[in-house]
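If you read the sequences in order, they're chains A and B.
Position one of the first sequence corresponds to residue 22 (our numbering), numbered consecutively onward.
Position one of the second sequence corresponds to residue 22 (our numbering), numbered consecutively onward.
No residue lacks a Cβ here, since even glycine has one placed at the ideal position from N, Cα and C.
Here's the structure we're looking at; comments come further down.
Number of protein chains: 2
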Amino acid sequence: MSTETLGEKLRQIREQNELPLRKVSALLDIDVAILSKMERGERKLSKEVVLKLADIYKCNPEELLVLFLSEKIMYEIQDEDLGERALKVAEKKVKYLKANKTK
Amino acid sequence: MSTETLGEKLRQIREQNELPLRKVSALLDIDVAILSKMERGERKLSKEVVLKLADIYKCNPEELLVLFLSEKIMYEIQDEDLGERALKVAEKKVKYLKANKTK
DNA sequence: CTATTTTTGACACTTAATGTCAACAATATA
DNA sequence: TATATTGTTGACATTAAGTGTCAAAAATAG
């Protein structure tokens, strides 16, 4: 499985598109330093930035968003022994909510 | 399925043990107001408090901890459409980490 | 060597989380 | 009803976390 972080993936995509941080950060309207840190995991990415980047790079936003969310989840459970059990409970809750969404 | 929050569950357990907030908060060494708010979901619970409460009420800490973690997870994915997919990715990551823990 | 790109760290600013307190409301009991 | 106990609410201060800005330094490319 891929152990690549979202930041690493975004950097890879940016390099494939041969875009310097400077240009992308201008499009995002954020400082170069922040984007650099985001790609290296030193600063947190926000949903908004992820979506804008998907737009800039013309790539599938869902894939990036899923990675983004999964990293937030991983951050919460860290190295907890009960992490897996908690994930299963959360899954049940999500399914339950989805089933009762229209109610 | 149970839609009971951790706070609600803790309140229920406390009432079953017939302990007033005052006594429990003294044991926890936190303000009564905070505990009151924690039980009603107005303040976040911490892992430490959850474990101390399990000890005070002599109940299974794992069950409470799983609920605690699952609520943190749910908070992260909120009402995201991709929440379920993200959970599955997170599960894979946890399994991967567990498999390579000793490495 | 020079220009461009990227990284690093200091700093200020903003927002979220946490603790403390006292007044108030609700409930139980004499 | 009066009193004591328990629980709730909101204001306030403090602390920690997250964010943005900038400039100097390091790395890389031409």
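On the premise that residue j lies in contact with residue i, defined as a C-beta separation below 8 Å, what is that separation, rounded to the nearest angstrom?
| i | j | result |
| --- | --- | --- |
| I51(A) | Y78(A) | I51(A) to Y78(A), Cβ: 15 Å. No contact. |
| K114(B) | S57(A) | Their Cβ separation, rounded to whole angstroms, is 25 Å, which puts K114(B) and S57(A) out of contact at 8 Å. |
| L108(A) | A111(B) | 6 Å |
| Y117(B) | M95(A) | So it is not a contact: roughly 11 Å between Cβ atoms. |
| V40(A) | K73(A) | Position check: residue 40(A) holds Leu in this sequence, whereas Val was assumed. Not confirmed; about 13 Å, so no contact. |
| K93(A) | E97(B) | 4 Å |
| V70(A) | M59(A) | 7 Å |
For residue i, decide whether its Cβ has a neighbour in chain A, counting only Cβ atoms nearer than 9 Å.
| i | result |
| --- | --- |
| M59(B) | no |
| V115(B) | yes |
| S91(B) | yes |
| A111(B) | yes |
| K119(B) | yes |
| G104(B) | yes |
| E83(B) | yes |
| L66(B) | no |
Using a Cβ-Cβ distance cut-off of 9 Å, determine whether residue i contacts chain B.
| i | result |
| --- | --- |
| L72(A) | no |
| L108(A) | yes |
| D100(A) | yes |
| Y96(A) | yes |
| L31(A) | no |
| L27(A) | no |
| V21(A) | Look at the range of chain A in this structure, 22 to 124, and you will see that residue 21(A) is not part of it. |
| V87(A) | yes |
Using the three-state DSSP reduction, which class does residue i fall into: helix, strand or coil?
| i | result |
| --- | --- |
| Y96(A) | helix |
| D102(A) | coil |
| D52(A) | coil |
| Y78(B) | coil |
| K114(A) | helix |
| E58(A) | The sequence shown places Lys at residue 58(A), not Glu. Three-state result, K58(A): helix. |
| K122(A) | coil |
Within the continuous alpha helix (DSSP H) that includes residue i, where are the two ends?
| i | result |
| --- | --- |
| L66(B) | Premise fails: L66(B) is in no alpha helix (DSSP H) and is neither H nor E. |
| K30(A) | L27 to Q37 |
| R43(B) | L42 to L49 |
| S23(A) | No alpha helix (DSSP H) holds S23(A); DSSP gives it neither H nor E. |
* Contact between the stretch 79-98 of chain A and the stretch 47-63 of chain B: three or more CB pairs below 8 Å? -> With contact defined as three or more Cβ pairs closer than 8 Å, the stretch 79-98 of chain A and the stretch 47-63 of chain B are not in contact.
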